Amino acid sequence: MLNGKNILLGITGGIAAYKTTFLVRLLVKAGAQVKVVLSSSAADFVSPLTLATLSKNAVVSSFVHEDEEGSVSWNNHVELGLWADLMIIAPATANTLSKMATGNCDNLLLATYLSAKCPVFFAPAMDLDMYKHPSSKDSFEKLQSYGNIMIPAASGELASGLHGEGRMAEPEDIIDFITNHLRKDLPLQGKSLMITAGPTYEAIDPVRFIGNHSSGQMGFELAKKAASLGAEVVLISGPTHLTISNTAIKRIPVVSAEEMYKASTAHFDAMDIVICAAAVADYRPKTVADQKIKKKTEDFTIALIKNKDILQSLGEKKKNQFLVGFALETENEIENAKGKLKRKNLDAIILNSLNDPGAGFGKPTNKISFIDKNLEIKAFSLKTKAEVASDILNEIVSRLHA
């Protein structure tokens, strides 16, 4: 859920600030881009150098920045606020919370908070009596009424020696809280989704194979977008140089069409949505040589036999799954795609034509038409494959909730 997100961490001057080094590390490990803003007193509790090293970004704490040569620039709080996909203020002291609630803006952190257009999470950290004081409760309530999200404080031993509420939530708990909050309203939350991607390689001998030019990028972009919408994704991928690190995506590497068939059918029953974006070889050599074939004659013939049709076999066993196929066509595109849709018992098919510049294999862009089982067609302009993935999943989601 945090992979690829821009996260702004605001740290205020409380003893719990020492925990933020672990929080930054966990955010970076989750795949987030992290920038840190300190209040003026936060550096008394945690080292800016440590935070900069862990976040791989400079740490800022004041409006004005002066470098070693004496050049002066300013830290733009508006740019920071607009950059962030979400903001976390942890620890959030009573002083800072009161200022946030009243709009008192006397430092860079507060100015950035007031400029932020993204969701803001705050994790209170203070002593027991301060936490229970009516003014603190007023701050909590007012900030939540503004749309900010409070990460509840934990109970335990406090810096004063007292025992009770006021401990900042542990970094792992902060991550879990934010992840669960982001996930709960996502349109594919709780859905299982399988995607096939990339080419298949059909062996001729130990050295050579029959393949195609598919890079797998379309399938990988679909997997990333589906995971960002809350789905648990199984990505069955043929040979490709692409990598993926999202923990919500289980990648199953395969080589041949037969391996992809076995993996797809093994996972199909547990799926809610299946998108077959792989460029699967229609045929494979009838006989695979166990040694490299030598050049001996001017002519060389390879006998081919038909591979199992993965998409059709899934369509035949489909129950409640929403099944989507791809059709790469060069002529009679619409009619051929409609025929494939009906013949293979699909809920939708994605048509892309090799006649469209910028579409097809090995390109960062694609141009598609989405055709559903009612034969309604929605055509899209040429877009990046990440944008195409969003369009496809939005169309699927709209039909799931229709």
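Just so you know, the numbering used here puts 207 at position 227 of the sequence shown, and the rest follows in order with no gaps. No residue lacks a Cβ here, since even glycine has one placed at the ideal position from N, Cα and C. Being a predicted model, the structure only gives us computed values, none of them experimental.
Query	Result
Pro167 versus Gln301: straight-line alpha-carbon distance, rounded	16 Å
Cβ pair Ala259, Asn192 closer than 8 Å	yes
Unbroken beta strand (DSSP E) run spanning Ala105, endpoints	Per DSSP, Ala105 belongs to no beta strand (DSSP E) and is neither H nor E.
For Val4 and Ala243, the rounded distance between their alpha carbons	37 Å
Those residues which DSSP pairs with Trp54 across a bridge	Val44
Contact check, Ala96 vs Gly61, beta carbons under 8 Å	yes
Given Ser370 as reference, the closest of Asn346, Glu49, His381 once Cα atoms are compared	Asn346
Residues near Ala359 by beta carbon distance below 6 Å, same chain, minus five either side	Ser349
Proximity winner among His57, Trp63, Ala269, Leu31, relative to Phe43 (alpha-carbon distances)	His57
7 Å CB neighbourhood of Gly(-16) in its chain, flanking five on each side removed	Gly11
Ala366 and Ile351 closer than 8 Å at C-beta	no
In DSSP terms, what Leu(-11) is bridged to	Val16, Ile68
Beta-carbon proximity check, Glu72 vs Phe25, cutoff 8 Å	The sequence shown places Ala at residue 72, rather than the Glu named in the question. No.
3 or more residues per run - each beta strand (DSSP E) lying fully within the region 221 to 270	229 to 233, 253 to 256, 263 to 265
Alpha carbon of Glu145 to alpha carbon of Pro104, nearest angstrom	10 Å
Straight-line Cα distance separating Asn226 from Val304	23 Å
For Leu389, the three-state DSSP class (helix, strand or coil)	For the chain, the structure presents residues -19 to 382; residue 389 sits outside this window and is missing.
Contact belief for Tyr93 with Val100 at Cβ below 8 Å, rounded distance in angstroms	7 Å
Stretch pair the region 199 to 219 + the region 173 to 181: three plus CB contacts closer than 8 Å	yes
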